[in-house]
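Beneath this line is the structure, given in structure tokens, with notes to follow.
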Amino acid sequence: MQYTLHCLHFTDNTVCYVCPLCFSGAHSEAIGTSLLLMLLYGLSAIPFSYLVSFLFKKGNTGYAFTIGIVSVIGVALCSIIKAFQVVGIDRNEINVKVNKALWAFRIFPTFSLASAFSSLYATAFDNALCESMPADELQMYCEISTGPSRKGTLDKCCKNICKDDCLKYVYPITWDPNSCGRDVFFPFH
1 MQYTLHCLHF TDNTVCYVCP LCFSGAHSEA IGTSLLLMLL YGLSAIPFSY
51 LVSFLFKKGN TGYAFTIGIV SVIGVALCSI IKAFQVVGID RNEINVKVNK
101 ALWAFRIFPT FSLASAFSSL YATAFDNALC ESMPADELQM YCEISTGPSR
151 KGTLDKCCKN ICKDDCLKYV YPITWDPNSC GRDVFFPFH
């Protein structure tokens, strides 16, 4: 029975995480990275679930506790830490604490998975942004206005506006803080 519940949970997660693959554009690296993340999460979640099973006498209680912990750590904490990173707080002492918390919570497979998918989605979106717009429409957008006050999302696709700050292709699995390489490999340290 417990095996069936774990299979249902995996199927539910698979459906939830496969849908964002539509946003990866023509880059198969993002799709392959998503599949790698799900495979590695499955492998790293097994020891976590096994260790938690010793805390409870009844399987249902252990399962409910595991789902609760997964939700709190994977969704809530990851969302809070990502929000701090996106806001880009200027105080260095807070950035250091956020980075330490990021590394500490990577011990939990669900946190690494949520953080990796968040980073992967951002990377895949940026990689596919300029390609997703038809070339003639992008050219028309770039020619409309080139004023210095313009700060649109597509401006990073216009070579005459962004100059050296244009979007560049980023491989999803690198050790860069904005990429998901750290989260892919950390559960297997």
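First residue of the sequence shown? That's 1 in the UniProt record's numbering, and the numbers climb one at a time after it.
C-beta: ideal position from N, C-alpha, C; glycine also.
When DSSP assignments are scanned along the UniProt domain "ABC-2 type transporter transmembrane" (21-124), the uninterrupted stretches of alpha helix (DSSP H) that are 4 or more residues long and fall wholly within it turn out to be 28-53, 59-70, 78-87, 92-105. The segment 48-64 makes no contact with the segment 118-128, as fewer than three CB pairs between them are under 8 Å. Judged by DSSP secondary structure, Cys162 falls within the alpha helix (DSSP H) whose first and last residues are 159-162.
For Cys180, there is no enclosing alpha helix (DSSP H), as DSSP gives it neither H nor E. Ile173 and Tyr41 have their C-alpha atoms roughly 15 Å apart. Counting of Cβ neighbours within 10 angstroms places Leu43 among the exposed residues, the total staying below 16. Asp136: member of the alpha helix (DSSP H) spanning 135-144, first to last residue. Of the candidates Ile73, Lys97, Gly74, the residue whose Cα lies closest to the Cα of Phe84 is Lys97. For Lys168, the closest alpha carbon among the candidates Phe56, Ile81, Asn99, Asp126 is that of Asp126. Of the residues assessed, Ala45 falls on the buried side of the cut-off, its CB having 16 or more other CB atoms within 10 angstroms. Three or more Cβ pairs closer than 8 Å define a contact, and the segment 104-118 meets that threshold against the segment 73-87.
Considering only Leu129, Ala116, Cys158, Glu137, the residue with the shortest C-alpha distance to Gly181 is Ala116. The alpha-carbon separation between Asn99 and Asp183 amounts to approximately 13 Å.
The Cβ neighbour count for Ile81, taken over all protein chains shown within 10 Å, is at least 16; the residue is labelled buried. With contacts defined by Cβ atoms closer than 7 Å, Phe186 and Ser112 form a contacting pair.
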